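Undergrad:
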Amino acid sequence: MYPERLMNYFPGPNFWHAKESPDAPEHHETSGVVQPPIHATAALYVYRHAQDEANAKDFLESAYPKLGAWHDYLYRERDPDGEGLVYIRHPWESGMDNSPIWDQIMQRLHLRSDQVPRYHRADTHTVSASDRPTSGAYDRFAYLVAFFADRDYD
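The structure is reproduced here in structure tokens:
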């Protein structure tokens, strides 16, 4: 079903348990996190720099309702107080996934060993230890995913 490189990727689709959420898409596997809302900016860039203006306009007209739905979701689900600023619930949603900016706050999570879900990192064989998060950081990342999944991402 998946190419070999995706089967070994962590976190793969089964790790997220997103399908347990009543809001999960039925025909697509997904994670339980979002990504930075740069899609509209990217679509506009593609439109403005396209060589075929007619095709670019068709692309933008096709993308617009989907982009609108995406932003509606973010404001509805991730801006509960209507402040105009959506929140993220996991460092991997920031676009700066493994940045040291998260270290101090993540270290506030003091986990017992029974709170850390089982996982197998794929990056330990391909990325230098100095260029990847520590095992303790990954334990915290995995804990947050399990925490959200246990609550159906609500």
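Residue numbering for the sequence shown follows the numbering used here, starting at 120 and increasing by one per position. Ideal Cβ placement from N, Cα and C applies to all residues, glycine included. If you're wondering where the values come from, they're calculated on a predicted model, not measured in any experiment.
1) Report, in whole angstroms, the separation of the C-beta atoms of Q154 and E212, which I expect to be a contact under 8 Å.
2) Helix, strand or coil for N217 per DSSP?
3) Could you give the distance in angstroms between the alpha-carbon of G151 and the alpha-carbon of A143?
4) Any contact of the region 217-225 with the region 157-169, i.e. 3+ C-beta pairs under 8 Å?
5) So, under 8 Å CB-CB, L179 and A161 are touching, yes? Tell me the CB distance rounded to an integer number of Å.
6) Applying the criterion that 16 or more other CB atoms from any shown protein chain within 10 Å of the CB defines a buried residue, is Y272 buried or exposed?
7) Can you tell me where the alpha helix (DSSP H) with L228 in it begins and where it stops?
8) Can you list, in chain order, the residues of its chain whose CB lies under 6 Å from that of Y238, leaving out five sequence neighbours each side?
9) Return the Cβ separation of P130 and V246 in integer angstroms, given the expectation that the two are a contact with Cβ distance under 8 Å.
10) Rounded to whole angstroms, what's the CA-CA distance from V205 to L193? Just pull it up for me.
11) What do you reckon, are the CB atoms on H146 and A268 nearer than 8 Å?
12) Suppose you measure from the CA of H244 to the CA of R197; what does that come to, to the nearest Å?
13) When the distance is taken between beta carbons, is W189 closer than 8 Å to H158?
14) Do you know how far the Cα of R251 is from the Cα of G214?
TA: Reading off the structure:
1) Under the criterion of beta carbons closer than 8 Å, Q154 and E212 qualify as touching, at roughly 7 Å.
2) coil
3) Roughly 9 Å separates the two Cα atoms.
4) no
5) The C-beta distance from L179 to A161 rounds to 11 Å, too long to meet the 8 Å contact threshold.
6) buried
7) L228 -> no alpha helix (DSSP H), and no H or E assigned at all.
8) A261, listed in sequence order.
9) The Cβ separation is near 15 Å, so there is no contact.
10) 6 Å
11) no
12) 36 Å
13) yes
14) 15 Å
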